[in-house]
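For the protein sequence lines, the chains are X, S and R, in the order given.
Using full-length UniProt numbering, the letters of the first sequence map in sequence onto residues 1 to 467.
Using full-length UniProt numbering, the letters of the second sequence map in sequence onto residues 1 to 467.
Using full-length UniProt numbering, the letters of the third sequence map in sequence onto residues 1 to 467.
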Amino acid sequence: MADANTNMRLKLPITCFILEIILIILFGVLVEYDEETDAKKWHHSNHSQYDNDFYYRYPSFQDVHVMIFIGFGFLMTFLQRYGFSSVGFNFLIAAFALQWATLMQGFFHGMHGGKIHVGVESMINADFCTGSVLISFGAVLGKTSPVQLLVMAVFEVTLFAVNEFILLSILGTKDAGGSMTIHTFGAYFGLMVTRVLYRPNLDKSKHKNSSVYHSDLFAMIGTLYLWMFWPSFNSAITAHGDDQHRTALNTYYSLAACTLSTYAMSALTAHDGKLDMVHIQNAALAGGVAAGTAGEMMLTPFGSMIVGFLAGIISVLGYKYLSPILESKLKIQDTCGIHNLHGMPGVMGAIVGAVTASLATIEIYGNGMEEVFPDVADNKRTASYQGAIQAISLAVTLGFALVGGLLVGFIMKLPIFGAPSDASCFEDSIYWEVSSKKLLDTSKLCICPQPKKHCNYTVATNECLEM
Amino acid sequence: MADANTNMRLKLPITCFILEIILIILFGVLVEYDEETDAKKWHHSNHSQYDNDFYYRYPSFQDVHVMIFIGFGFLMTFLQRYGFSSVGFNFLIAAFALQWATLMQGFFHGMHGGKIHVGVESMINADFCTGSVLISFGAVLGKTSPVQLLVMAVFEVTLFAVNEFILLSILGTKDAGGSMTIHTFGAYFGLMVTRVLYRPNLDKSKHKNSSVYHSDLFAMIGTLYLWMFWPSFNSAITAHGDDQHRTALNTYYSLAACTLSTYAMSALTAHDGKLDMVHIQNAALAGGVAAGTAGEMMLTPFGSMIVGFLAGIISVLGYKYLSPILESKLKIQDTCGIHNLHGMPGVMGAIVGAVTASLATIEIYGNGMEEVFPDVADNKRTASYQGAIQAISLAVTLGFALVGGLLVGFIMKLPIFGAPSDASCFEDSIYWEVSSKKLLDTSKLCICPQPKKHCNYTVATNECLEM
Amino acid sequence: MADANTNMRLKLPITCFILEIILIILFGVLVEYDEETDAKKWHHSNHSQYDNDFYYRYPSFQDVHVMIFIGFGFLMTFLQRYGFSSVGFNFLIAAFALQWATLMQGFFHGMHGGKIHVGVESMINADFCTGSVLISFGAVLGKTSPVQLLVMAVFEVTLFAVNEFILLSILGTKDAGGSMTIHTFGAYFGLMVTRVLYRPNLDKSKHKNSSVYHSDLFAMIGTLYLWMFWPSFNSAITAHGDDQHRTALNTYYSLAACTLSTYAMSALTAHDGKLDMVHIQNAALAGGVAAGTAGEMMLTPFGSMIVGFLAGIISVLGYKYLSPILESKLKIQDTCGIHNLHGMPGVMGAIVGAVTASLATIEIYGNGMEEVFPDVADNKRTASYQGAIQAISLAVTLGFALVGGLLVGFIMKLPIFGAPSDASCFEDSIYWEVSSKKLLDTSKLCICPQPKKHCNYTVATNECLEM
């Protein structure tokens, strides 16, 4: 498996060092503590230590942080021989992306006298932006080198920040949980990248593009942390008070309903009524994605449950029927099925958000309107206008994602970044030291499940695999 | 393993869809945001956003949430071939039960103008009730279909809510951490269910009713999350201030002491001094159960440690000596040994609570009496009367659990719900798609550990097992 | 493997029972609730329930708690056949150490009328002290019995408390995240212990002193929890307000930068450009250690990133080049490489703290100086004097650790505590019941990776290992 192309001896260190040194220099020039983290500024004003926003955002931040590193990282360990890369490259690109996102978002969210201010809110926003990159990672999982992924992160974070700026700052869109900015953007960006990187001969590594028993259990760790902490994700940067509280509650019910419809659809669509781990690991989360925009609104528990219920159904149907079509007809090889978990539920969440916004009235929101829809409360726009803006924002996001993914896909295709060969996709050992002692020769004992095919015994996964 | 009885193609989807649609309709009719989650109501009053109870309950809620989904889910993955079902059915029935519990508890805890109010407290309470169902799940683990489990959840949640209502609202019992309402109830309910579902020929799947190396490590993830977050569990719905603080502290010490006595007893009762993973995974948690009632009282760290110390001893002894007797004499097949982890420590916790309550004096509690024992503070009852009420509550709980479990067990026995055959218990592949590639035929190489027995090699777990 | 020496039938129960009974008696005599956990005392004063420190420290405590039990526990499961012991003995000695630390630290931190006061701060401090013991555990991992580890914990906790008292209370050193008190102390103490316990014939169990595929994934769970929650660790006991907020932020950036330099150095130092799981699992955490002292100071994000960046480089170089030298020349067998993760980064953190302290000015800190450097704010000492004190504290800590480790190493060497033989190191089955069914005899099929050596097939790990 020695392949000059994927040998990371120089490529990876050079990329990491250059990126980190640029980050450090830019942080030195541009970044300073905000009012709540600076010793002098905080103590200049007269307030209780307990008023510091740390106490009202940091627990949410830590939940989001767990979703980014454990949630996304372990969710992708379902592949039998790609666990190190799944969790390890997830770790690497997330650690890079959160630093780069701090700069990009800081730049667009408004500088303070030429300086970017950082605190717990910027930490949450940076983690959010990172989440978007990790969604795209799911589409190309197993088929890209870590250098390609870092290159993707550089550009995707930048485009994310531009799109987010247009939506939140220019259009006045509401999208606290990021159905559009995070999920729709990350998904369609990633799908376009994987389309550009299409591999006609990916069948060569097909036998490794599946799970084994224990890898599915590792993946469930990721699933459950995403599921449990999604209420914290959607509520992490909403307004304080009832807004955070309500968002968490709505998301909780949306996810619970989604889980039941996922199990139902998984059994229903299987030819023998057996549940499919792929559905459980992924579709059960669609309810969180779909509640990302409307979660902070007066969606009601009833509305949240309907949204989650439908999201689970759509997502399982996507895994079962749409993904194979996307691959065969549109040449979109989507390893983790992000279209079903983030793409369609993200679009659905945007639409639900637009409808819910257009139905907002002062009878329902009272003085709380000021915080959910400030422009409507100030009579700058009507609720239906807000709804229209929400719908336009979805179109803008799709445009940015598709065009951005197209361009960045071509950049990633440059041979210098070292993509693996078709036969060595979904394989840790091209990037990682894997114990060389695994050499039990039991190939003679291996009996193919399909008669008249040739199989080899793979010790590492203890399986008889078609070659 | 194709078995019409356990084919879930129609049974599971129909059950899930019917239940979820009923839930959605009832939520639409009955549920509305409470004062702290409703935009209008919250902004109607004049208070700081930071006064919202979200900030004082939500971190505890998230810890409890992790216990329910990761803690219980992974604790049960110790079985070699039942990891998907353990963590997956745990996920399914918990997602259902928390919705159903919101309705049942909301109904009994008091409606507001015909409406059930939801917020972070209802979320915690629903998770608590769900925990009770998951305890019962531990008794029948491996022997029931997901449809049976959902049926169990429907009835158990209902009975839980009735019992909780009688204790907390009618009798004025204190049981913040649920030694009685959650642990004693869930355990004896589950034990009665498994008694009714007794399988005389369970030996047929005996070889799968044990752990392998990595499945025990997965289970330790569950154990440790339960252990670490138990202080949050017991303190999640106590009064604010010193009560929550003290409850967390007491539970922390009880668990620490319990861990040492568990290790001691595990080594002491083994014939060769070797520790048994079953004890470590389970008995070390008994200290949390046993501090569930008295944790909020002035138990003192000293008292908490004694409670935990004894709970660990009782629990290991139960696993070692009592469980085999329960199985052989009383025909109670308790897969996870919930009697030792939740049953006996729950009863012990109830008794400790009764004694501690009866010793409460104004000298010890000062003005804090109002929050721990309001009826005593208001001179409506004496401390010893409160203690008697606590003891009566244990009897009531045991009655509800045993009679309820008996009835529900018979309902679950109806053939329509599809129980697995004796030979296919503790086996994921009857419910889940498990990779069909695992077909290495090494049966000829298999040498039985016990001479003169017949063994087959099982690739999935890499073991030579008696058939 | 039956070995009278490591048979824990009596040794372990006796040790656990004696220690726990002593703890319970001392807690009964010495410990009482503090102002915030006592019902009477808390309600005596007139304050809001929400002012209770529980709400401002407990979420940090729970993050630290996860680091201690899941983080350290799973980080050490990388060994192929020592997962039960790694996570299980970590659990045991942590549960003991946190109780003992409460007493020792309570004694030195100042008694209140002859009583030790406990609350969330004492819980965090006890967990911190426990962390130090677990660091030392990493050096001797696989080579010591649980009784030896408990003996080590008894003495190490005591010495930790003395050293911490000298630094924080006598010298007025600042070390909120414990670069000195926790990491430097724990590392050099552990290194000295393992030096004293040097085993010239450890080669006998060399084939078990390495990882397998899934054990490395379990270890990544530990790594990521340590990484994610390190900001909570460093900020858990700083002053409230901007101090906690800033410390979390600095640590977050230090870790992110450290991760990039770790990946870069791991690929750069490998002969074939492949990443080494050992580096990723450990060196990526060095940024948290190195920000332990200066994290609460006005280090700036820029400074934090430089510190993390360098810590990652130093740590990987240590694993690659220094550890083999320490073993061959100095006879220090450091199983987990704690010198590279806690030792050198801890010393670096102490130096960074000394330099940062000496540069403190009122222009930078404003009125916040009072909380970060109270003696400087009160003009009792200059900033450069504070810096000198910080440097002296490092020397004191190193002295305590080295002399303490030397003495305690000799105590641990007493045969009564039952160390494993050289051939049975890194092996769970001498302490734990491990399924006796794992007896597939495929030794004939085993082909050594190295020609002309003798190999045996190990079923449990599915590998062909040199014997």
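For each residue, glycine too, the CB sits at the ideal point set by N, CA and C.
Work out the CA separation of F137(X) and F89(X) for me, nearest whole Å.
For F89(X) and F137(X), the distance between alpha carbons rounds to 9 Å.
Report back the beta-carbon spacing between T397(R) and N163(R) to the nearest angstrom; my notes put them in contact at under 8 Å.
Under the criterion of beta carbons closer than 8 Å, T397(R) and N163(R) qualify as touching, at roughly 6 Å.
For the ligand NAD, is there any heavy atom lying closer than 7 Å to the beta carbon of F373(X)?
The ligand NAD is absent from the structure shown, which contains no ligands of any kind.
For T37(X), collect the residues of the same chain with a Cβ closer than 6 Å to its Cβ; drop the 5 residues on either side in sequence, then sort them by chain order.
G119
Distance, A95(R) Cα to M265(S) Cα:
15 Å
Chain X beta carbons: is any one of them nearer than 8 Å to that of A95(S)?
yes
By the criterion of Cβ-Cβ separation under 8 Å, what are the contact partners of V154(S) in chain X?
Correct list: empty, because the minimum Cβ distance to chain X is about 13 Å.
Assuming contact is defined by CB atoms lying nearer than 8 Å, are T293(R) and G177(R) in contact in what I supplied?
The answer is yes: Cβ separation under 8 Å.
How big is the Cα-Cα spacing for residue 479(S) and F72(S)?
Here chain S covers residues 1 to 467 and nothing more, so residue 479(S) does not appear.
Tell me which residue opens and which closes the alpha helix (DSSP H) that H44(X) is part of.
A39 to H44
Backbone CA spacing between G405(R) and T158(R) [nearest angstrom]
12 Å
Under a Cβ-count criterion, where at least 16 other Cβ atoms within 10 Å of its own Cβ denotes burial, should Y82(S) be classed as buried or exposed?
Classification of Y82(S): buried, given that the 10 Å Cβ count is 16 or more.
Mind checking whether M298(X) and I364(X) have CB atoms under 8 Å apart?
yes
Let's see if you can read the secondary structure: which residues bound the beta strand (DSSP E) around Y33(R)?
V31 to Y33
With 8 Å set as the bound, which would you pick, yes or no: does the beta-carbon of M305(X) sit closer than that to a beta-carbon of chain S?
Under the Cβ criterion of 8 Å, M305(X) is counted among the residues facing chain S.
Which of the residues in the segment 3–16 of chain X, read from start to end, lie with their CB under 9 Å from any CB of chain R?
T6, N7, M8, R9, L10, K11, L12, P13, I14, T15 and C16
Considering only DSSP beta bridges, list what K115(R) is partnered with.
H112(R)
Have a look at P420(X) and M76(X) and give me their C-alpha separation to the nearest angstrom.
18 Å
Start and end of the alpha helix (DSSP H) containing Y230(S)?
The sequence given here has Trp at residue 230(S), not Tyr. Note, W230(S): alpha helix (DSSP H), Y213 to S235.
Residues of its chain near S384(X), where Cβ-Cβ distance is below 7 Å and the 5 sequence neighbours each way are ignored:
S358
Run down chain R in chain order and give the residues with a C-beta less than 7 Å from the C-beta of Y365(S).
A39 and K40
Euclidean distance between Cα positions of L226(S) and L285(S):
7 Å
Rounded to a whole number of angstroms, what is the C-alpha to C-alpha distance between I325(X) and W230(X)?
Put simply, the backbone Cα of I325(X) is about 30 Å away from that of W230(X).
Helix, strand or coil: how does DSSP classify L79(X) here?
strand
Could you round the C-beta distance between G288(R) and L255(R) to whole angstroms and report it? I think they count as a contact, below 8 Å.
5 Å
Could you give the distance in angstroms between the alpha-carbon of residue 490(R) and the alpha-carbon of S261(R)?
Absent from the structure is residue 490(R), since the part of chain R shown begins at 1 and ends at 467.
Any idea which residues DSSP pairs K275(R) with across the strands?
First, the amino acid is wrong: residue 275(R) is Leu here, not Lys. DSSP, once it has assigned bridges, lists W432(X) as partnering L275(R).
Continuous alpha helix (DSSP H) stretch holding T382(S): start and end
T382(S) -> no alpha helix (DSSP H), and no H or E assigned at all.
L150(S) lies in the alpha helix (DSSP H); which residues open and close that run?
P146 to E164
Of the listed residues F27(R), F17(R) and L79(R), nearest to L92(R) (C-alpha basis):
The option with the nearest alpha carbon to L92(R) is F17(R).
Rounded to whole angstroms, what's the CA-CA distance from V382(X) to T223(S)? Just pull it up for me.
It should be pointed out that residue 382(X) corresponds to Thr in this sequence rather than to Val. Going from the Cα of T382(X) to the Cα of T223(S) covers about 53 Å.
Can you find a C-beta in chain X that's less than 8 Å from the C-beta of N201(S)?
In terms of beta-carbon proximity, N201(S) stays away from the interface with chain X, with every pair separated by 8 Å or more.
By the 10 Å Cβ neighbour count, where 16 or more other Cβ atoms means buried, how is Y188(R) classified, buried or exposed?
buried
At a Cβ threshold of 8 Å, is A257(X) touching chain S?
At least one beta carbon of chain S lies nearer than 8 Å to the beta carbon of A257(X).
Could you tell me whether the Cβ atoms of L171(X) and S393(X) are closer together than 8 Å?
In this structure, L171(X) lies near S393(X), with their beta-carbon atoms less than 8 Å apart.
When the Cα atoms are used, what is the spatial distance from M67(X) to M228(X)?
The straight-line gap from Cα to Cα measures roughly 9 Å.
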